[in-house]
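A.B. asks: Encoded as structure tokens, here's the structure I'll be asking about.
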Amino acid sequence: MIDRFETTPLPRRIPVTVLGATGLVGQRLIALLAEHPWFVLAHVTGSARTQGMRYGDAVRWRVETPPPSAALDLPVEPPTPAASLAGHIVCSALPASEAETIEPLYAAAGALVFSNASAYRMAADVPLIIPEINPDHLAALATQRQRRGWSGALVTNPNCSTIGLALALAPLQRFGLRRVLVTTLQAASGAGYPGVASLDLLDNVIPYIGGEEDKIETETRKILGAWSDTAFAPIPADAMRISATCTRVPVRDGHLETVSVEFDERVTPDDIIAAWQAYAGEPQQRQLPTAPPQPLVYRKDAARPQPLYDRLAGHGMAVTLGRLRPCEVLDYKFVCLSHNTIRGAAGAALLNAELAYARGLLA
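Position in the sequence shown (from 1) plus 16 gives the number in this note's numbering.
So this is what it looks like as structure tokens:
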């Protein structure tokens with residue numbers, strides 16, 4: 017039986033600023049905020065080309081649902097924080113090069129910044145959060161504020177491929193996870209818009225995505241590791257070896273990953289499936305609005321998961337697993353699938369914000 021947390025109802029919805037609102041991840045954030053019970057879209061920012069324009073005129077909407085009417089008339093603002101943003105939420109869909117400069121300005125002004133960018137993921141005082149796995153890493157915010165002198169804070173979510181893999185691996189740590197081999201087949205939308213040129217990707221697979229393999233290998237160890245007093249303690253590389261190969265495939269949305277794992281213990285397929293099916297965390301205990309009731313879904317059909325049919329499991333927030341079978345090199349192999357712009361980006365940032373509110377971290 018899952019213990020339930022009590023979350024105090026909000027007297028009013030909390031204003032949210034979306035940085036980089038016209039890009040694919042920014043659009044996803046705005047779509048997810050449309051009917052949110054706790055948060056309300058208040059500000060959108062964009063590039064110099066779009067600043068001053070009406071959002072509805074500035075954006076080329078690429079999400080499959082229509083743009084929320086409340087967003088269309090918002091002015092696109094420059095990414096310049098107000099003097100004080102205490103208690104406000106900022107969700108960042110900025111490129112890493114811009115996030116490195118802009119996100120700290122908002123944190124210094126008092127906002128809680130929830131970032132999709134890679135700029136600060138591996139920083140020594142910035143939590144890299146998947147709420148089902150490591151909510152206690154939010155304890156790092158006290159150290160972060162002390163070191164940096166911010167009245168706000170910065171929280172990151174992982175790379176879009178890391179999230180699916182880490183959620184699949186977390187329940188398996190109890191078996192003494194020793195080695196992981198993963199090959200990703202990543203959707204075109206993971207490169208943003210316009211992304212990869214059509215003549216490069218049609219009838220083709222690109223066997224290289226810059227920086228992606230290192231992100232999977234290092235971020236996963238930080239997420240599955242611990243926060244100890246004033247420092248993160250990632251899982252050492254010699255304790256759990258992870259080797260990643262990343263490819264880009266002609267799929268619109270949904271990152272598929274083929275994974276092989278080795279354990280310290282003798283484990284049966286039923287043990288693994290039971291661990292996946294029973295897995296739940298604080299988002300499910302608190303019934304956070306964006307949390308899927310079941311974060312991991314196992315499909316018995318040998319031909320699943322498939323991006324076309326399974327990427328929207330749990331409204332795009334669940335990871336779908338399948339094809340668990342023995343591996344002749346390691347112990348077992350399987351396939352996992354996650355929606356890269358929902359669970360892997362916009363939904364991840366929003367779920368982190370919900371967790372922070374539920375834990376009383378918003379002023």
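Glycine is no exception: its CB is placed at the ideal position from the N, C-alpha and C atoms. All figures in this text were calculated on a predicted structure; none of them were measured in a lab.
Cα separation between residue 373 and residue 362?
C.D. replies: So the two alpha carbons sit approximately 17 Å from each other.
A.B. asks: I believe residue 130 touches residue 105 by the beta-carbon criterion, under 8 Å. Please report the beta-carbon distance rounded to the nearest angstrom.
C.D. replies: Between residue 105 and residue 130 the Cβ distance is about 7 Å, and since that is below 8 Å, they are a contact.
A.B. asks: When you compare only the Cα positions, how much space is there between residue 18 and residue 80?
C.D. replies: Only weak support exists for where residue 18 lies, its pLDDT of 45 falling under 50; the value from the coordinates is given anyway. Cα to Cα, residue 18 sits roughly 35 Å from residue 80.
A.B. asks: I believe residue 174 touches residue 186 by the beta-carbon criterion, under 8 Å. Please report the beta-carbon distance rounded to the nearest angstrom.
C.D. replies: Rounded, the Cβ-Cβ distance is 12 Å, inconsistent with contact.
A.B. asks: Do residue 179 and residue 360 have their beta-carbon atoms positioned less than 8 Å apart in this structure?
C.D. replies: Contact: yes.
A.B. asks: Using a Cβ-Cβ cutoff of less than 6 Å, which residues in the same chain neighbour residue 260 once the five nearest sequence positions on both sides are dropped?
C.D. replies: Hits under 6 Å: 198, 229, 232 and 233.
A.B. asks: Is residue 34 helix, strand or coil by DSSP?
C.D. replies: Residue 34 falls in the strand class under three-state DSSP.
A.B. asks: With distances taken Cα to Cα, identify the nearest neighbour of residue 56 among 366, 377, 371 and 375.
C.D. replies: Of the candidates 366, 377, 371 and 375, the one whose C-alpha sits nearest the C-alpha of residue 56 is 366.
A.B. asks: Tell me whether the beta-carbon of residue 157 lies closer than 8 Å to the beta-carbon of residue 377.
C.D. replies: Result yes, Cβ atoms of residue 157 and residue 377 sit closer than 8 Å.
A.B. asks: Between 71, 294, 266 and 139, which lies nearest to residue 204 when the distance is taken from Cα to Cα?
C.D. replies: When only C-alpha atoms are compared, the closest one is 266.
A.B. asks: Whole angstroms are fine: how far does the CA of residue 77 sit from the CA of residue 272?
C.D. replies: About 25 Å.
A.B. asks: Taking DSSP's pairing of strands, which residues face residue 202 in a bridge?
C.D. replies: Partner(s): 264.
A.B. asks: Can you look up residue 18 in the DSSP assignment and give me helix, strand or coil?
C.D. replies: Residue placement at residue 18 cannot be trusted, given a pLDDT of 45 that sits under 50; what the coordinates show is reported in the next sentence. Of the three classes helix, strand and coil, the one that applies to residue 18 here is coil, per DSSP.
A.B. asks: Could you tell me the alpha carbon to alpha carbon distance between residue 294 and residue 371, rounded to whole angstroms?
C.D. replies: C-alpha separation (whole angstroms): 21 Å.
A.B. asks: Use the C-beta contact count for residue 354: other C-beta atoms within 10 angstroms, 16 or more gives buried, fewer gives exposed.
C.D. replies: Answer is buried; the Cβ neighbour count reaches 16.
A.B. asks: Per DSSP, what are the beta-bridge partners of residue 107 in this structure?
C.D. replies: DSSP lists 34 and 130 as partners of residue 107.
A.B. asks: In the structure shown, what three-state DSSP assignment does residue 341 receive?
C.D. replies: Residue 341 falls in the strand class under three-state DSSP.
A.B. asks: Can you find a heavy atom of the ligand HEM that lies under 7 Å from the Cβ of residue 94?
C.D. replies: No copy of the ligand HEM occurs in the structure displayed, which carries no ligand at all.
A.B. asks: Rounding to the nearest angstrom, what Cα-Cα distance links residue 257 and residue 43 in this structure?
C.D. replies: Each residue's alpha carbon lies about 36 Å from the other.
A.B. asks: What is the rounded straight-line gap between the Cα of residue 194 and the Cα of residue 74?
C.D. replies: Distance between the alpha carbons of residue 194 and residue 74: 49 Å.
A.B. asks: Comparing alpha-carbon positions, which option in 32, 133, 285 and 284 lies nearest residue 113?
C.D. replies: Out of 32, 133, 285 and 284, 133 has the C-alpha closest to the C-alpha of residue 113.
A.B. asks: Can you tell me which of the three DSSP states residue 100 falls into?
C.D. replies: Three-state result, residue 100: coil.
A.B. asks: Should residue 95 be labelled buried (16 or more other beta-carbon atoms within 10 Å of its own) or exposed?
C.D. replies: The residue in question, residue 95, is buried, as its Cβ has 16 or more Cβ neighbours within 10 Å.
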